[in-house]
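Using numbering that gives the first Met the number 0, you'd call the opening residue of the first sequence number 0 and step up by one each time.
Just so it is clear, CB atoms sit at the ideal spot from N, CA and C, and this is done for glycine as well.
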Amino acid sequence: MLRVRFAPSPTGYLHIGSARTFVFNWLYARHNKGTMILRIDDTDVERNTQTSLDSIFEGLKWLDLNWDEFYRQSERGDLHRKLANEILAKGLAYRDFTPAQTADPEQSDDAKSHTSGSTWLFNPEMRAMSQEESDRRAAAGEPFVVRYKVPRETRTDISFVDEVYGRQTKATADIEDFALLRSSGIPTYHMASCADDADLQITHIIRGQDHLTNTFKHVLIFEALGVELPKFGHLPLLIAPDGAKLSKRKHGPVVSVTTYRDAGFLPHAFVNFVCLLGWSPKDDRERLTRQELTDIFTLEGVNRSNATINFSEEDPFDPKAVWLNAETIRTMSKEDLSAAVLPYAQAAGFKVDAARMAQITPLIQERIKLLSEVSTVADFFFLDQLAPYDPNELVPQKGDLAMAASVLERAEEILATATFNHDGLDQALRGGAESLKIKAGQMFQPIRVAVCGRKNAPPLFETLEVLGRDVCLKRIAAARQLLKGTV
RNA sequence: GGCGCUAUCGUCUAACGGUUAGGACGGAGCCCUCUCAAGGCUUAAAUACGGGUUCGAUUCCCGUUAGCGCUACCA
């Protein structure tokens, strides 16, 4: 049985890169009918926050991808310590009593340190310390960290096959004696992660490429634990347009998935977008349903170079993500879209109910790229009073204020009696244009601006119909007043 | 500094060693059209550089350069 895990550490919000790792794990699990495990890697108590944990759950919940088992590392410390001590007992690790500061690699020119190139490897007298002295000092209460004793004498290198990057080999001479247990007794990430992966019988570890070189250490731990090595698949990293890795401090909230949610992305559009970053179905398909994705997702489709997410101050979201979202919006049913947009309209402060939203939705479906745009694209449907606009906006193409005035006067007459549906309005208004001897467009533009407050808006007849006769007449009257003020 | 990974249009990517190097987003232009969208069509735009191997390299090898990652008692 295939088992994969997603193991975020709650030291920030759910990052878009983490979200992609989760999505890939999920897809891999579902594709192979395996088990998806969510494990919170919260060993670093100092840096964990509840806010961050909440943010992660919020993000995952929004993505709408489930998991089958759930664990928290902080509740499994006993297991981690037990396994670390087994490694120590086997003689594969040793106690290092060096105070924290002097083990700092920055001080590698210290005579006490043993280095290769300029990488700190270990402190010789600690690694060579007799069992008796080590036990005595530990019993005396002297603080120590437990370090893995990298077998540089007996093995020249460590090797494993990555499902994405192929065979990876690293010289033992380049791997430092890494810590398993801190002096506080709390396991390090490497120890806790491997102990849990072993205990939970994880078969495939799919994670960011930033862990590729850590994997040699993990191989060593798995070996020391005497368990079968899981398969590894590392994912290329997601980076910002400036080439740096995404960080909240440097790039702002665009790196958090809740930002996408709040801006009005549909969960699946977001999933679809991140899938295309570092993975390809190898054909020309880009818009893929969740089912299609799970059907065709394989690790062979993952590529090896970092992917840049394109965003800027002006356009905070990658244009392709926005396009994917717009495409998703266009293919949704009117009912689903209406339900999805409603909360965004309400959040913008408009008084709307589901019935009203259902009338408006068809008119904005192909005009919004993000759900939140309902507030700027459909505002005039909700407002009691239109925001002030320049009366010159009422002037039609190749026309003047006088033409605008006569159009509005005629429109008022027509709309007072016209049948208030698409065909009725079409016929009546085109007739009005003819009688005024102007083009239909010249007839429509002043009316549009009068009822919408701007030139760019949904098609006129449907808009008038949804707005209703009373509102239309009221707004046209207001526009005529406005025109009077200009002469 | 050491070690590792990577390198195709601006971006995401495709191409058993043999293609006019394909697609998508974005850009430009045209068409459609009551404005805006949507849609249709057209178009510009790439194999980092230098060496090999080969009849033939985007593809394989080496080097250079660049970017990223790891180098903690963070994860």
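- Note on S158: under 16 other CB atoms within 10 angstroms of its CB, so exposed under the neighbour-count rule.
- Contact check between the segment 207 to 225 and the segment 153 to 168: three or more CB pairs, one atom from each, fall below 8 Å, which counts as touching.
- In terms of Cα proximity to E411, the closest of L400, I446 and T34 is I446.
- When the five nearest sequence neighbours on each side are left out, no beta carbon in the same chain lies closer than 6 Å to the beta carbon of D389.
- The alpha-carbon of G440 is positioned some 11 Å away from that of V406.
- Taking L323 as the centre and dropping the five residues before and after it, the same chain places the C-beta of A268, N271 and F272 closer than 6 Å to its C-beta, in chain order.
- Approximately 5 Å separates the beta-carbon atoms of C451 and F379; this is inside 8 Å, confirming the contact.
- By the criterion of a C-beta distance shorter than 6 Å, A262 is surrounded in its chain by L369 and S371, once the five residues flanking it on both sides are discounted.
- Distances from the alpha-carbon of E392 to those of F381, L482, L265 and D335 put L482 closest.
- With a beta-carbon spacing of about 6 Å, M125 and T97 fall inside the 8 Å limit used to define contacts.
- If you check the CB distance, T485 and L400 come in under 8 Å.
- DSSP places Y188 in the helix class (H, G or I) of the three-state scheme.
- DSSP places R447 in the helix class (H, G or I) of the three-state scheme.
- Note on A344: 16 or more other CB atoms within 10 angstroms of its CB, so buried under the neighbour-count rule.
- Sorting D335, K333, I328 and A377 by C-alpha distance to the C-alpha of V351 places A377 at the top.
- In the three-state DSSP reduction, R135 falls in the helix class (H, G or I).
- In this structure, DSSP gives L91 a state outside helix and strand, which the three-state scheme calls coil.
- By the neighbour-count criterion, in which a residue is buried when 16 or more other Cβ atoms sit within 10 angstroms of its Cβ, P235 is buried.
- Contact check for T187 against L179 passes: the beta carbons are separated by less than 8 Å.
- Per the DSSP secondary-structure output, L37 pairs in a beta bridge with F5 and F69.
- Only exposed fits V44, as fewer than 16 other CB atoms lie within 10 angstroms of its CB.
- The Cβ atoms of G207 and V163 do not sit closer than 8 Å to each other.
- A distance below 8 Å separates the beta carbons of C193 and L224.
- Sorting T20, I55 and R479 by C-alpha distance to the C-alpha of T258 places I55 at the top.
- For Q345, the enclosing alpha helix (DSSP H) stretches over residues K333 to A346.
- N122 counts as buried, since at least 16 other C-beta atoms from the protein chains shown sit within 10 angstroms of its C-beta.
- Judged by their CB atoms, W25 and L64 are nearer to each other than the 8 Å cut-off.
- Between the alpha carbons of R429 and R409 lies a distance of about 11 Å.
- With fewer than 16 neighbouring CB atoms inside 10 Å of its own CB, V160 falls in the exposed class.
- The beta carbon of R181 is closer than 8 Å to those of V144 and T187 in its chain, skipping five residues each way along the sequence.
- Boundaries of the beta strand (DSSP E) around W119: T118 to F121.
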